[in-house]
Amino acid sequence: LPVYLKENHLTIVRGHGPFARGASLEDCLYRLTTLEHSAILALHLRRRGYTIVDIQKKIQRIGREKFFPVKPHLLDESILSRRDVDDRSMIADFEQRLNYNFKNQIGAYGTGSMSQKVSADEMIYCPMWAVPDGMEFPLLRLNLAFRDDDSVDLRMHKLIYGNTIQNACMITTNPMAVADGMSILAEKYGTGVLSGEKVEIPYEPENHPVVAPIDAEAIYLNPRLGLVDIHQLNDNSPENPILDMLRRYKGCCVVAGYGVISTGDTTLEQAAHNASSAERIAGFRSDVYINEKIIDGPAMKSFEPVTI
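Position one of the sequence shown corresponds to residue 847 (the working numbering), numbered consecutively onward.
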């Protein structure tokens, strides 16, 4: 184990579990929970008929910088205790969402982001969206103007606030929703979308990909979840299809291969509802699909509403 951990931050002991090393316990937790969520994503992709072996080989061959069109921000321990907010109710609101997301395994510790718009040109921004109860988390007061050093997540929060009427936003790492989105795009537009290729995907009002809930309650609350490919995160224009998806589908858009973007008209609670609903919608779709294949149950697609 020491030899393996000297070469890598993580190693897995078959039949036992993963081991991690890091600069701190927070660093170790960040790596372990990210591994767990990556495994869930890979498992659900495989269950839908897509293996990740070729994807892994390509990443190793060309490097992650060339494979992925965007670079997610990493855990920054230097700002964990930073608080630009004194309002106890706002701090408690962020803390409640962070704790819920971690406890319910919707997101890995230290990943994702959330924010609340507080004025025409400012927001309170947390560069993570899942934190265990009792652990520190930063709250940053930031201007909504774009900066050259903005991370992918931060830039997207600013783009949403500048071009929609939404006032709360979460970008989450939902593994099942992400896997479902990847599977849908691969089925409709080819497996190139899984291997980092930029595939032409239509995003017209009457012709675009979606995730379709298959249970009555989810259909009633959110008849569709928006769906885009990961390359759309590089579009900083008001024409970014993510913005249209958020407007059209009650503030929820799955970014295949990255996460879920969810928003609320006024509160973080509204955004959190969309993020957690996306994961549960994907989980139920996966369960029905597995029953279809294993015990000859009804086809998952037979439950999908037929209109956009």
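Ideal Cβ positions, reconstructed from N, Cα and C, are used throughout, including at glycine.
Q. Going by C-alpha distance, which of 959, 915, 1002 and 855 is nearest residue 1086?
A. Taking the first residue of the sequence shown as 1, we reach residue 1086 at position 240. Closest by alpha carbon: 1002.
Q.
Tell me which residues share the same chain as residue 878 and place their Cβ nearer than 7 angstroms to its Cβ, disregarding the 5 neighbours each side in the sequence.
A. Taking the first residue of the sequence shown as position 1, residue 878 is located at position 32. Closer than 7 angstroms at Cβ, skipping near neighbours: 864 and 866.
Q) Can you list, in chain order, the residues of its chain whose CB lies under 8 angstroms from that of residue 915, leaving out five sequence neighbours each side? A) In the sequence shown, residue 915 corresponds to position 69, counting from 1. Within the same chain, residue 915 has close Cβ partners 1042, 1044, 1076, 1077, 1079 and 1080.
Q. In its own chain, which residues sit with a C-beta less than 6 angstroms from the C-beta of residue 1121, not counting the 5 before and 5 after it?
A. Stepping through the sequence shown from its first residue, residue 1121 is reached at position 275. So the qualifying residues of the chain are 1016, 1018, 1106 and 1108.
Q. Is residue 979 near residue 1020, with beta carbons less than 8 angstroms apart?
A. Here residue 979 refers to the residue found at position 133 when the sequence shown is read from its first residue. Here residue 1020 refers to the residue found at position 174 when the sequence shown is read from its first residue. Cβ distance not < 8 angstroms, so residue 979 and residue 1020 don't count as in contact.
Q.
Threshold first: 4 residues or longer. Then list the alpha helix (DSSP H) segments lying entirely within the region 853-905, N to C.
A. 871-893
Q: Just mark residue 999 as buried or exposed, buried being the case when its beta carbon has 16 or more other beta carbons within 10 Å.
A: Counting from 1 along the sequence shown, the entry for residue 999 is found at position 153. It counts as buried.
Q. Which residue spans inside the region 941-1016 form an unbroken beta strand (DSSP E) run of at least 3?
A. 959-965, 968-972 and 986-989
Q. DSSP on residue 1120, reduced to helix/strand/coil?
A. Mapped onto the sequence shown, residue 1120 falls at position 274. Of the three classes helix, strand and coil, the one that applies to residue 1120 here is helix, per DSSP.
Q. Along the chain, which unbroken stretches of the alpha helix (DSSP H) at least 4 residues long are found entirely within the region 1070-1129?
A. Complete alpha helix (DSSP H) runs here, min 4: 1087-1094.
Q: State yes or no: is the C-beta of residue 976 within less than 8 angstroms of the C-beta of residue 1125?
A: For the purposes of this step, residue 976 is taken as residue 130 along the sequence shown, with counting starting at 1. For the purposes of this step, residue 1125 is taken as residue 279 along the sequence shown, with counting starting at 1. Not closer than 8 angstroms, so no.
Q: Buried or exposed for residue 961, please, with buried defined as at least 16 other CB atoms from any protein chain shown within 10 angstroms of its CB.
A: Taking the sequence shown and counting its residues from 1, the one referred to as residue 961 is at position 115. With 16 or more Cβ atoms within 10 Å of its Cβ, residue 961 is classed as buried.
Q.
What does the alpha-carbon distance come out to for the pair residue 1103 and residue 1073?
A. Here residue 1103 refers to the residue found at position 257 when the sequence shown is read from its first residue. Here residue 1073 refers to the residue found at position 227 when the sequence shown is read from its first residue. Using only the alpha carbons, I get a separation of about 11 angstroms.
Q.
Just to confirm the assignment, what range does the alpha helix (DSSP H) spanning residue 1065 have?
A. On the sequence shown, position 219 is the one that residue 1065 refers to. Run containing residue 1065: 1062-1067, per the alpha helix (DSSP H) assignment.
Q: Within its chain, find whatever has a CB closer than 7 angstroms to the CB of residue 847; leave out the 5 residues flanking it on each side and keep chain order.
A: Numbered from its first residue, the sequence shown carries residue 847 at position 1. Closer than 7 angstroms at the Cβ level, and outside the excluded window around residue 847, lie 857 and 865.
Q. With a CB to CB cut of under 8 angstroms and the five nearest residues on each side skipped, what residues in its chain are close to residue 928?
A. Taking the sequence shown and counting its residues from 1, one reaches residue 928 at position 82. Non-local beta-carbon contacts of residue 928 in its own chain, meaning distances under 8 angstroms to residues more than five positions away in sequence, involve 984, 985 and 986 in chain order.
**Q.** Whole-angstrom distance between residue 1082 and residue 964, CA atom to CA atom
**A.** Counted from its first residue, the sequence shown places residue 964 at position 118. Counted from its first residue, the sequence shown places residue 1082 at position 236. Cα to Cα, residue 964 sits roughly 22 angstroms from residue 1082.
Q.
Tell me which residues share the same chain as residue 883 and place their Cβ nearer than 7 angstroms to its Cβ, disregarding the 5 neighbours each side in the sequence.
A. The sequence position of residue 883 within the sequence shown is 37, counting from 1. Hits under 7 angstroms: 954, 1019 and 1021.
Q. Nearest CA to the CA of residue 1150: which residue from 1060, 1088 and 1142?
A. The count along the sequence shown starts at 1 and reaches residue 1150 at position 304. Looking at the Cα atoms, 1060 is the closest of the given residues.
**Q.** Buried versus exposed call for residue 862 [16 or more other C-beta atoms within 10 Å across all chains shown]
**A.** Counting from 1 along the sequence shown, the entry for residue 862 is found at position 16. Residue 862 is exposed by the Cβ-count criterion.
(Q) Can you tell me which residues form a DSSP beta bridge with residue 1053? (A) Indexing the sequence shown from 1 puts residue 1053 at position 207. For residue 1053, which the question treats as bridged, DSSP gives the partners 1050.
Q: Count the other CB atoms, across all protein chains shown, that sit within 10 Å of the CB of residue 1145; report buried if there are 16 or more and exposed otherwise.
A: Within the sequence shown, residue 1145 is the residue found at index 299, counting from 1. That one is exposed.
Q) For residue 1067, which option in 1098, 950 and 993 has the closest C-alpha, if you only look at C-alpha atoms? A) On the sequence shown, position 221 is the one that residue 1067 refers to. Residue 1067 has its Cα closest to that of 1098, out of 1098, 950 and 993.
Q | Reference residue 957; option with closest CA among 920, 937 and 1008 | A | Sequence index remark: in the sequence shown, residue 957 carries index 111 (1-based). Nearest Cα to residue 957 within the set 920, 937 and 1008: 920.
**Q.** Straight-line Cα distance separating residue 930 from residue 1013
**A.** Residue mapping note: residue 1013 aligns to position 167 of the sequence shown, counting from 1. Residue mapping note: residue 930 aligns to position 84 of the sequence shown, counting from 1. Their Cα atoms are separated by approximately 18 angstroms.
**Q.** Buried or exposed (CB count within 10 angstroms, at least 16 for buried), residue 1140
**A.** Numbered from 1 along the sequence shown, position 294 holds the residue referred to as residue 1140. That one is exposed.
**Q.** Secondary structure of residue 928, DSSP reduced to three states
**A.** Taking the first residue of the sequence shown as position 1, residue 928 is located at position 82. The answer is coil: DSSP assigns residue 928 none of H, G, I, E or B.
Q) Thinking just about the alpha-carbon of each residue, which of 1089, 1030 and 1035 is nearest to the one in residue 1051? A) In the sequence shown, the residue the question calls residue 1051 occupies position 205. From the listed residues 1089, 1030 and 1035, the smallest Cα separation to residue 1051 is found for 1089.
Q. In three-state terms, what does DSSP make of residue 1019?
A. Counted from its first residue, the sequence shown places residue 1019 at position 173. Residue 1019 falls in the coil class under three-state DSSP.
(Q) Within 10 Å of its beta-carbon, does residue 871 have 16 or more other beta-carbons around it, so buried, or fewer, so exposed? (A) On the sequence shown, position 25 is the one that residue 871 refers to. Exposed is the call here.
Q: Round the Cβ separation of residue 894 and residue 1029 to the nearest angstrom and send it over; I've been treating them as touching at under 8 angstroms.
A: Here residue 894 is taken as the residue at index 48 of the sequence shown, counted from 1. Here residue 1029 is taken as the residue at index 183 of the sequence shown, counted from 1. Yes, they are in contact, since the Cβ atoms of residue 894 and residue 1029 sit about 4 angstroms apart, within 8 angstroms.
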